[in-house]
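So the structure is just underneath, and the comments pick up after that.
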Amino acid sequence: MNIDSLKLKKISALWIIVILVLFIASIVLGILMRLNQGKVIEQSPLTFYTNMTTHGLTMIGIWFAAGMVAVNYLLQRYVKTSYGVNLFAFILTVIGVVMLWVTTYAGKFSTGWTFLYPLPFRDLGSESWSTPLFLISLTILGVGWLVWSVSLMAQIFKKYTLAQAFAWQHFKSNPTVETPPFILITTVTLVGVIASLIAAVIVIVLYFAEYFSHGDFVNDALLMKNLIYFFGHTIANEMLYLGLAVIYEIFGEVSDRPKWKMTWYISLAWNCAMVFILTAFFHHLYMDFVQPQALQIVGQLVSYLASIPSAAVTVFSIVAAVYGVKVRWSIVNLLFFLGVAGWVIGGLGAVIDATISNNIMLHNTLWVPAHFHTYNAMGNVLFSIGFFYWFSTQYVDKLVLSKLTKYTLTLLIVGGIGFLMAFYVAGANSIPRRYSTYPVELTSGPYLAKVGALFATIYLIAILIFFYNIAKRCFVILSASSR
Amino acid sequence: MFRYFVCFFALTCFSFLGYANDNHSDFREEQNLYGKIYNAPLGIVGNNKVSSVEELYNQKPLIIALVFTRCYGICNPFLLQLSENIKHLQSNSDFNILVISFDPRDNLQDMTNLSKQYGLENNLQWNFAITDSIDAFINSIGFIPKWDSVIKQFDHDALLVGVNEKGLITKNLLGIRIVEDVHKMISSINNVFTPSYRLPTKSNIFSCFNYDPKTQTNRPGLGLLFVALPAIITFLIVTIIVIKSKRTVS
Ligand code: HEM
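As they're listed, the protein sequences go chains A and B.
First residue of the first sequence? That's 1 in our numbering, and the numbers climb one at a time after it.
First residue of the second sequence? That's 1 in our numbering, and the numbers climb one at a time after it.
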């Protein structure tokens, strides 16, 4: 085995183990939150909010990293990527996450994952050092990921011209060079990732400026909210696109079907997604009376334009790949298929919420965690676990659909759907999100929270089985030598 | 091309900066909100137990009135209206009132006389006080009285400041106000939500929009440029990468 590719395999295996361990820990935090809301256990509001903050930030961080690991690994098929940068990103991610957990658990930092202004400067029961440490941990994570993204982008442009990387030649008939869909989606996504990380850098600088100015410089709440959602909304979407890039690349080969080809409509849809996703975050500010109406309307329109074309072409491609033909089903393509379904269903829930007339009813209700957990826990997570399986079984074992795998998948689906339904029903009943305990008037809140906790535990069991299967193979890869 | 872009970018930045600086509105009630009030040592008429502002707001949220005893102008009608308003409140026990002199010439005897004028000398909710740290105290509020040496009077606002139990200023009321306004202030110092929006001040230069109360229009501020900045920087990064990469297209 070539030494470079072995190094890449080892670092990818290491990433996968760390990501899955953190995932399991974060699910436990999620279940604790639902148990507290269901009054099964009693935690102080401060503990609830530190759990919520840790859970949210860790989940976003690890599933973004999972997408990057997969894309970095597959990109090696087309261009040479840097092992050093990958390792650098890994080290900074580990340091950043450890600091983050210290901030939340030792420092009691508890603003929620969006750390909206001016919460980090408010006395929420946290230690005074927790705010600067939190900002430093975000800086470390941001630097690692920004360098990684820019490095991957630079490698792509070493081989492809600007027009080729964005597949613009496919707008004309009979293009001479074909851009693989994987390259297009990766490039488009890296643009969004870089923009969102730069937004985060600006937010951190502004927070530090206020922190060190001792009152001489004060931030504008509207600016901070716009920038925080530029970062948060964009990165949460881009990490899904990373997962989709992987599906475009390997769905065909794991299903014994031809590789997906680039077409003019795939190119158009993903170019639309790149442009429009950068302003879709305006839909997070519908309730901000100071935001001008024009931006609110832009928010609604681009929410449709960013999501519908890319979802339509992806669903079309995946249905076309499996409809009426013999497909070799394995855990990998099943997870991909289910994940796309979860992404589309969650996406529909999001588009409903991004429509101004509905948002008046659904804003800050549990409908919001309902839809974003759908495309994360039953969408993006499945894309990445599918990739992890594929990656680990490539070198150790074969991909087979055993009975145990089928049962595990059933547990995952039952647990996932039950957990999400508890959120959706509560959201439709106007139960608010981010409440550590519900007031007595909201009688269905605690009941649905208990149901959610139960099904989330079933989901967790499935994840533990997946973890065992994937991690044991990753350890074999880690101990492999180049001879 | 790149030079033109940089020039255009710099020009846009400067014109936005100009706009933002021009358009700071004069809604002084909204300034200094959520800042901490200075913990001045106090001498309080008939009260030897409490000796600082912090001790007072730790007991209960606080309404602060700023006056001076030699005032020929607004101070007396202002205090009279306040005491009337407080009498008319349905529930008036969940806060204390601090009437503090900002005139260094005032002493405890002057403040005792003032309290007697309103029959409040024995009312425990009312605290008439002086302090030797008046400058730091009024600075933390943003209250700036101007001394007029000709008429030997301060030119000043009639200002009520609402402070919650943590010492944070949650609401200001300028001028002689009706009981409903005082009611809103009491809600806000008891941490009951009252809608308010901190307007840009000199320390807040990156606002997205600047509201001009005279024309009632919202003008774009420098902050809007910051919202676009991530996309602009990304565009620049991609451009630089593309230019720098040696393309080896097959
Ligand atoms: C079975 C697995 C999971 C459980 C049990 C769970 C549970 C929860 C709960 C109870 C909340 C708080 C809801 C509220 O506002 O009342 C929450 C919030 C959140 N979850 Fe999960 N979750 C799971 C998976 C995930 C995944 C896979 C992601 C991936 C991105 C994720 C990201 C988030 C985020 C970003 C928040 C918002 C935190 C905040 O409001 O600051 N969760 N989750």
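From the three backbone atoms N, C-alpha and C, an ideal C-beta is built for every residue, glycine too.
Treat the numbers as computed from the prediction; the structure is a model and nothing was measured.
Please work out which residues of its chain come closer than 8 Å, Cβ to Cβ, to residue i, disregarding the five sequence neighbours upstream and downstream, and give them in chain order.
i                  : result
Trp-329 of chain A : Ser-255, Leu-401
Phe-475 of chain A : Ala-13, Ile-17
Ile-11 of chain A  : Tyr-83, Asn-86, Leu-87, Phe-90
Leu-119 of chain A : Thr-111, Gly-112
For residue i, which residues of its own chain have a beta-carbon under 7 Å away from its beta-carbon, when the five flanking residues on both sides are left out?
i                  : result
Lys-108 of chain A : Leu-46, Thr-50, Gly-125, Ser-126, Glu-127, Ser-130
Leu-114 of chain B : Thr-69, Phe-128
Val-302 of chain A : Phe-276, Thr-279, Ala-280
Thr-405 of chain A : Ile-331
Leu-284 of chain A : Per the sequence presented here, residue 284 of chain A reads as His, with Leu not at that position. So the qualifying residues of the chain are Tyr-229, His-233.
Trp-101 of chain A : Thr-54
Glu-249 of chain A : Leu-74, Phe-182
By a C-beta neighbour count over all protein chains shown, 10 Å radius and 16 as the cutoff for buried, is residue i buried or exposed?
i                  : result
Ala-66 of chain A  : buried
Ser-384 of chain A : buried
Trp-145 of chain A : buried
Tyr-389 of chain A : buried
Tyr-73 of chain A  : buried
Pro-258 of chain A : exposed
Gln-164 of chain A : buried
Met-68 of chain A  : buried
Val-193 of chain A : buried
Tyr-207 of chain A : buried
Ser-188 of chain B : buried
Gly-215 of chain A : exposed
Ser-479 of chain A : exposed
Val-440 of chain A : exposed
Met-361 of chain A : exposed
Pro-104 of chain B : exposed
Tyr-117 of chain A : buried
Quick one, which of the options has its alpha-carbon nearest residue i's?
i                  : options                                    : result
Gly-30 of chain A  : A:Leu-223, A:Glu-178, A:Gly-452            : A:Gly-452
Glu-29 of chain B  : B:Lys-244, B:Gly-142, B:Lys-146, B:Glu-54  : B:Gly-142
Val-203 of chain A : B:Ala-228, B:Ser-187, B:Thr-215, B:Val-192 : B:Ala-228
Gly-46 of chain B  : B:Trp-126, B:Gly-73, B:Leu-82              : B:Trp-126
Ser-196 of chain A : A:Ile-95, A:Ser-5, A:Met-274               : A:Met-274
Val-381 of chain A : A:Ala-70, A:Arg-34, A:Glu-42               : A:Ala-70
Thr-58 of chain A  : A:Gly-232, A:Val-205, A:Pro-432            : A:Gly-232
Pro-181 of chain A : A:Ala-167, A:Val-414, A:Val-193            : A:Ala-167
Gly-175 of chain B : B:Leu-124, B:Ser-187, B:Leu-222, B:Val-161 : B:Val-161
Leu-124 of chain B : B:Ala-65, B:Leu-56, B:Pro-145              : B:Leu-56
Lys-184 of chain B : B:Val-163, B:Glu-54, B:Leu-236             : B:Val-163
Gly-38 of chain A  : A:Ile-470, A:Phe-466, A:Thr-443            : A:Thr-443
Val-201 of chain A : A:Ile-458, A:Ile-470, A:Tyr-229            : A:Tyr-229
Val-257 of chain B : B:Thr-234, B:Asn-107, B:Gly-167, B:Arg-105 : With chain B represented from 1 up to 250, any question about residue 257 of chain B goes unanswered, as that position is not in the structure.
Val-28 of chain A  : A:Gly-56, A:Ser-44, A:Leu-116              : A:Gly-56
Leu-464 of chain A : A:Trp-15, A:Lys-7, A:Ile-19                : A:Ile-19
Leu-348 of chain A : A:Thr-93, A:Ala-370, A:Asn-219             : A:Ala-370
Measure how close the beta-carbons of residue i and residue j come, nearest whole angstrom, since I'm counting them as under 8 Å.
i                  : j                  : result
Phe-48 of chain A  : Asn-36 of chain A  : 5 Å
Leu-223 of chain A : Cys-208 of chain B : 5 Å
His-363 of chain A : Tyr-286 of chain A : 7 Å
Ile-345 of chain A : Thr-374 of chain A : 6 Å
Gly-252 of chain A : Trp-260 of chain A : 6 Å
Leu-133 of chain A : Thr-103 of chain A : 5 Å
Thr-234 of chain B : Ile-198 of chain A : 6 Å
Closer than 8 Å by beta-carbon distance: list the chain D residues that pair up with residue i, in chain order.
i                  : result
Val-227 of chain B : Reference to chain D is not applicable here, since the protein chains of this structure are A and B.
Grab me the residues of residue i's own chain with a C-beta within less than 6 Å of its C-beta, minus the 5 sequence neighbours each way, in chain order.
i                  : result
Ile-86 of chain B  : Asn-92
Tyr-38 of chain B  : Ala-136, Phe-137, Ser-140
Ile-266 of chain A : Pro-181, Val-313
Asp-22 of chain B  : Confidence in Asp-22 of chain B is poor, its pLDDT being 38 and thus under 50, which makes the residue's placement unreliable; the coordinate value appears in the next sentence. Around Asp-22 of chain B: no qualifying Cβ.
Tyr-160 of chain A : none
Ala-422 of chain A : Leu-448, Val-451, Gly-452
Leu-17 of chain B  : A caution first: Leu-17 of chain B carries a pLDDT of 36, below 50, which makes its placement in the model unreliable, though a value can still be read off. For Leu-17 of chain B, where only same-chain residues beyond five positions count, the Cβ hits under 6 Å are Leu-222.
Ile-318 of chain A : Val-340
Task: the segment 97-104 of chain B in contact with the segment 177-193 of chain B per 3-pair CB rule at 8 Å - done: no
Open item on the list: So, does the segment 294-309 of chain A touch the segment 329-339 of chain A, judging by three or more C-beta pairs under 8 Å?
Closed with: no
- [ ] Determine contact between the segment 158-175 of chain B and the segment 84-91 of chain B, defined as no fewer than three beta-carbon pairs at a distance below 8 Å.
- [x] no
Task: Contact between the segment 42-56 of chain B and the segment 114-129 of chain B (3+ Cβ pairs under 8 Å) - done: yes
Open item on the list: Counting beta carbon pairs with one atom in the segment 236-245 of chain A and one in the segment 169-178 of chain A, are three or more of them shorter than 8 Å?
Closed with: no
Task: Meets three-Cβ-pair contact criterion under 8 Å: the segment 264-279 of chain A and the segment 403-417 of chain A - done: no
Open item on the list: Can you confirm whether the segment 428-445 of chain A touches the segment 339-353 of chain A when touching is taken to mean that 3 or more C-beta pairs between the two stretches lie within less than 8 Å?
Closed with: no
TODO: Spell out a yes or no on whether the segment 150-163 of chain A and the segment 72-87 of chain A are touching, meaning 3 or more CB-CB pairs, one atom from each, closer than 8 Å.
DONE: yes
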